[in-house]
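Taking it in order: structure first as structure tokens, then the write-up.
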Amino acid sequence: MPFTPPFRNQFYIGDLIYGLAKDRQKYCNRVNSFTAAGAHDKQRGNPPIYIDRYLIQREIKPSNNPEYMKDVNYDTYKKDFFGHLKSESAHQYNNVATNPHRGHQCKEEQYIDICQRDVGRKCKGGLSWISTGNSPLVKDIHVHFILDNINMISLIQKKDQKSITGKELRWIFRNKNDPRVAAKIQFWDDGEPTSPPWISANGWWHRFFGDESHVWEEYEKHLQEKAQREDERYQSLAQLFNIP
0 MPFTPPFRNQ FYIGDLIYGL AKDRQKYCNR VNSFTAAGAH DKQRGNPPIY
50 IDRYLIQREI KPSNNPEYMK DVNYDTYKKD FFGHLKSESA HQYNNVATNP
100 HRGHQCKEEQ YIDICQRDVG RKCKGGLSWI STGNSPLVKD IHVHFILDNI
150 NMISLIQKKD QKSITGKELR WIFRNKNDPR VAAKIQFWDD GEPTSPPWIS
200 ANGWWHRFFG DESHVWEEYE KHLQEKAQRE DERYQSLAQL FNIP
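When we follow numbering that gives the first Met the number 0, the leftmost residue of the sequence shown carries the number 0, and every step to the right adds one.
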């Protein structure tokens, strides 16, 4: 079980790698457990090793990943992923896969926040696809989440609102009690498989800056308070409109 030992101690073709871009690349180039990932990516093999390669409409430009976009195998996985976004998760991801706005618009000021939102939803949708999807294509696929160089305090407190990695990690935390999620996501730190950051006291950030477990406790409290407010709001509306 990836959240707890025995860990998934290496990358297998088909798996996805999450984390900060530079550290994902570092693992592919320098960590023996990810040797297959580096070779697979250099050959533009399918399925891709990064969720980034699955381009939504907002990201597509004429030159984007032509090796992938013209590959039949890539198209098979992309259709499966987008099918998950549009069906099981349509209410949550708002048809992010098919939004008509194109990549060049993401540089226009009025679209920056919207594009950032949609890319974040795509990446969270990828976690949902691998963890909870029913397709045979994802049955044996796992996610490897690289924790190296992530500032947990800044991430959890949302000091960087545009951090895609922050959105991804908070999604995992919110869904940590789903056994399907716990079984499919393997965390890594300093080249070794490890437990989730809200469980493990290891990691480079802890070694240099101390224990950050309190921020996860604060985030848990925030989620509980948010759920309570939503429940109270529902109860008020139910009484107002006589909903049983």
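Beta carbons: idealized from backbone N, C-alpha and C, even for Gly.
Keep in mind the model is a prediction, meaning the values are calculated, not measured.
The three-state reading of DSSP puts LEU168 in helix, counting H, G and I together.
Beta-bridge pairing by DSSP links VAL30 to no other residue. Residue pairing of TRP128 in beta bridges, as defined by DSSP: absent, with no partner found. By the neighbour-count definition (other C-beta atoms within 10 Å, threshold 16), HIS213 is an exposed residue.
Contact check for GLY124 against PHE80 passes: the beta carbons are separated by less than 9 Å. Under the three-state reduction of DSSP output, HIS143 falls in the strand class. Per DSSP, the continuous alpha helix (DSSP H) segment holding LEU154 begins and ends at 151-155. Proximity of the segment 125-144 to the segment 172-186 meets the contact definition, three or more beta-carbon pairs being nearer than 8 Å. Per DSSP, the continuous alpha helix (DSSP H) segment holding LEU84 begins and ends at 71-85. Around the C-beta of ALA20, fewer than 16 other C-beta atoms lie within 10 Å, and the residue is accordingly described as exposed.
For the pair ILE171 and ARG120, the Cα-to-Cα distance works out to about 13 Å. In terms of Cα proximity to THR75, the closest of TYR49, TYR53, THR34 is TYR53. Annotation: the continuous alpha helix (DSSP H) that includes PRO178 extends over 178-183. Our two residues, ARG7 and THR193, have alpha carbons roughly 10 Å apart in a direct line. GLY132 is not a Cβ neighbour of TYR26, given a cutoff of 9 Å. An exposed status is given to LYS158, since fewer than 16 other beta-carbon atoms sit within 10 Å of its beta-carbon. Taking the Cα positions, ASN45 is about 17 Å away from ILE55.
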